[in-house]
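Data block below; observations after.
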Amino acid sequence: MSAQPVADGVPDYLRRLVERADDLPLRHRMPQATRTARRSAVLILFGEGPRGPDVLIIEKSLHLRSHAGQPAFPGGGADPGEDYPVETALREAEEEAGIDPGGVRVLATLPELFLGPSDNLVVPVVAWWDDPRDVTVGDPREVARVARVPLADLADPANRFRVRHPAGFIGPAFGVADMVVWGFTAALLDAILEAAGLARPWDASDVRPLRETGVRPPHLPGSLGAGGAEDAAAPTVADPAPDGAPTRTVRPR
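If you want it as structure tokens, here you go:
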């Protein structure tokens, strides 16, 4: 993990997250990344909103051929020559949600996550919104809407359950902001709530079938369709993770 000094003005829950980021309690170990893995980054942007601490979530456009209608963190594939992963995450957040990079303070990069079926190596970038603004949809061809979701809603046991994907994958989910957040994004949120000390007990035996909307069989969860600009985006669906050695973490910048 690469961490910046946590300065004044950052809440205690984010300090705890940054301190514990090397041991993020993800539910599965990830296999070793391939040499062909596509480098991607997502921005996990926290701020202080009208209803208290929140995190930015986008909803993918229904017109995309992969991950249509699915909630996700802003993010995508690295462009040649940019300062990966931080510049990648900030650029994508600006393009997708109108986030001004100048008002964002990057705090840490979390351990890399390799998603095998899609051959993506994803680095989550944790940041604090020093200068929160109204969120906007940057590119309506890729993003249907943008929401600042209160952390209290994510931690509320009434909003937590698990979903079963048609391919058989079962994982955590959140029913918040008129969205069902699941897969890769939900797994990260689940781990983040625990590391930040915000998690509350919830009923993990509540398993619900995932609606077919946005699911594109026969691809496995986490796979990307062939062709199209949207295929450069970071996966928003969890891969079924086989046992394997933990991935390396990002070296200090």
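So for the sequence shown, the working numbering puts the first residue at 16; every next one is plus one.
Glycine included, every Cβ here is placed at the ideal spot set by N, Cα and C.
Given the structure is predicted, the values throughout are model-derived calculations rather than measurements.
- Here the alpha carbon of Phe176 sits roughly 27 Å from the alpha carbon of Trp143.
- Rounded to the nearest angstrom, the Cβ distance from Ala112 to Val191 is 17 Å, too far for a contact under 8 Å.
- Under the three-state reduction of DSSP, Ile114 is assigned to coil, being neither helix nor strand.
- Looking at the DSSP output, Leu130 sits in a beta bridge with Asn135.
- Here DSSP, grouped into helix, strand and coil, assigns Asp145 to coil.
- Annotation for Thr151: Ala112, Gly113, Val161 place their beta carbon closer than 8 Å to its own, counting only its chain and skipping 5 residues before and after.
- Listed as beta-bridge partners of Asp69 by DSSP are Gly62, Pro165.
- Arg30 carries a helical assignment under DSSP once its states are collapsed to helix, strand and coil.
- With fewer than 16 other beta carbons inside 10 angstroms of its own, Ser220 counts as exposed.
- Rounded to the nearest angstrom, the gap between the Cα atoms of Leu71 and Ala48 is 28 Å.
- Residue environment analysis places Ala173 among the exposed positions, since fewer than 16 neighbouring C-beta atoms fall within 10 angstroms of its C-beta.
- Buried is the label assigned to Glu127, since at least 16 other Cβ atoms lie within 10 Å of its Cβ.
- Residue environment for Pro65: exposed (fewer than 16 other C-beta atoms within 10 angstroms of its C-beta).
- The bridge partners DSSP lists for Arg179 are Ile185, Pro224.
- Within a 10 Å sphere around the beta-carbon of Glu74 sit 16 or more other beta-carbons, which makes this residue buried.
- Within the same chain, and ignoring the five residues on either side of Arg31 in sequence, the residues whose Cβ sits closer than 8 Å to its Cβ are Ala210, Ala211, Gly212.
- Contact between Arg53 and Asp134 holds: their C-beta atoms lie close to 6 Å from each other, under 8 Å.
- With distances taken between CA atoms, Pro147 lies nearest to Pro116 out of Thr51, Pro95, Gly91, Pro116.
- As computed with DSSP, Gly190 is found in a beta bridge with Val195.
- Relative to Phe88, the option among Ile185, Ala201, Leu130, Leu122 whose CA is nearest is Ala201.
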